[in-house]
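>
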Amino acid sequence: MSGIDSYDEEKYEKVIRALGLDKVIERINTENEGTIGEGGCNISGGEMQKIALARVLIQENDFVILDEAATYLDVESKGYIKDYILGSDKGFLIVDHTGYFDDVCTKKIVMGKDDSYYN
Numbered sequence: 122m123s124g125i126d127s128y129d130e131e132k133y134e135k136v137i138r139a140l141g142l143d144k145v146i147e148r149i150n151t152e153n154e155g156t157i158g159e160g161g162c163n164i165s166g167g168e169m170q171k172i173a174l175a176r177v178l179i180q181e182n183d184f185v186i187l188d189e190a191a192t193y194l195d196v197e198s199k200g201y202i203k204d205y206i207l208g209s210d211k212g213f214l215i216v217d218h219t220g221y222f223d224d225v226c227t228k229k230i231v232m233g234k235d236d237s238y239y240n
């Protein structure tokens with residue numbers, strides 16, 4: 122996988138399937154000769170988001186920052202991310218304006234428009 126030194130092939134396949142990227146890869150190989158195009162012109166915003174998430178989830182990091190990770194994603198992919206967080210021993214910092222991840226957080230900090238915050 123480009124940009125990643127080493128990865129677990131089984132984990133790679135699991136993440137790719139769970140995020141629905143296997144279908145995206147098949148479509149790209151069929152319709153676009155295996156290329157996503159300059160700047161990702163042959164894929165949607167949601168597909169770009171899934172690729173970025175897959176790259177993060179496949180790596181063996183102890184801590185992950187997810188900034189608006191659910192943006193452009195379908196409900197099934199959002200659910201996979203939640204399940205991944207709940208089943209992981211990694212630490213997560215999640216930036217989210219929708220409240221979608223509130224139920225998987227152990228601590229929540231809300232920032233106000235006037236730069237105030239509370240938890």
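Using the working numbering, you'd call the opening residue of the sequence shown number 122 and step up by one each time.
Even glycine gets a Cβ: it sits at the ideal position worked out from N, Cα and C.
The structure displayed is predicted, hence computed values, not measured ones.
#1: Is it buried or exposed for G212, if we count other Cβ within 10 angstroms and need 16 for buried?
#2: Tell me whether A191 sits in a helix, a strand or coil according to DSSP, three-state version.
#3: On the three-pair Cβ rule with 8 Å, is the segment 172–191 touching the segment 204–222?
#4: Quick check on DSSP: helix, strand or coil for G212?
#5: Classify F184: buried if its beta carbon has 16 or more other beta carbons within 10 angstroms, exposed otherwise.
#6: Is it right to say E131 is buried, meaning 16 or more other beta carbons lie within 10 angstroms of its own, or is it exposed?
#7: On the three-state DSSP scale, how would you describe I157?
#8: Which residues in the same chain have their Cβ closer than 7 Å to the Cβ of V225, if we skip the five residues on either side of it in sequence?
#9: Alpha carbon to alpha carbon, what distance is there between K234 and G167?
#10: Report all residues from its chain with a CB closer than 7 Å to the CB of I157; omit the five preceding and five following residues, and keep chain order.
#11: Count the other CB atoms within 10 Å of the CB of K229; is the residue buried (16 or more) or exposed (fewer)?
#12: Can you name, in chain order, every residue of its own chain whose Cβ lies under 7 Å from the Cβ of T192, other than the five neighbours on each side?
Walking through what the data contain:
#1: G212 is exposed by the Cβ-count criterion.
#2: DSSP, read as helix, strand or coil, puts A191 in coil.
#3: Taking 8 Å as the limit for Cβ pairs, the verdict is that the segment 204–222 does touch the segment 172–191.
#4: In the three-state DSSP reduction, G212 falls in the strand class (E or B).
#5: Exposed, by the Cβ-count rule.
#6: In the assembly as shown, E131 is an exposed residue. Its beta-carbon has fewer than 16 other beta-carbons within 10 Å.
#7: Note: I157 maps to coil in three-state DSSP.
#8: Cβ neighbours of V225 beyond the five flanking positions: K203, I206, L207.
#9: Put simply, the backbone Cα of G167 is about 28 Å away from that of K234.
#10: The residues are I149, N163, I164.
#11: Counting C-beta atoms within 10 angstroms of its own C-beta, K229 has fewer than 16 neighbours from the protein chains shown and is therefore classed as exposed.
#12: Apart from sequence neighbours up to five positions away, the residues of its chain that approach T192 with a beta-carbon distance below 7 Å are Q170, ordered along the chain.
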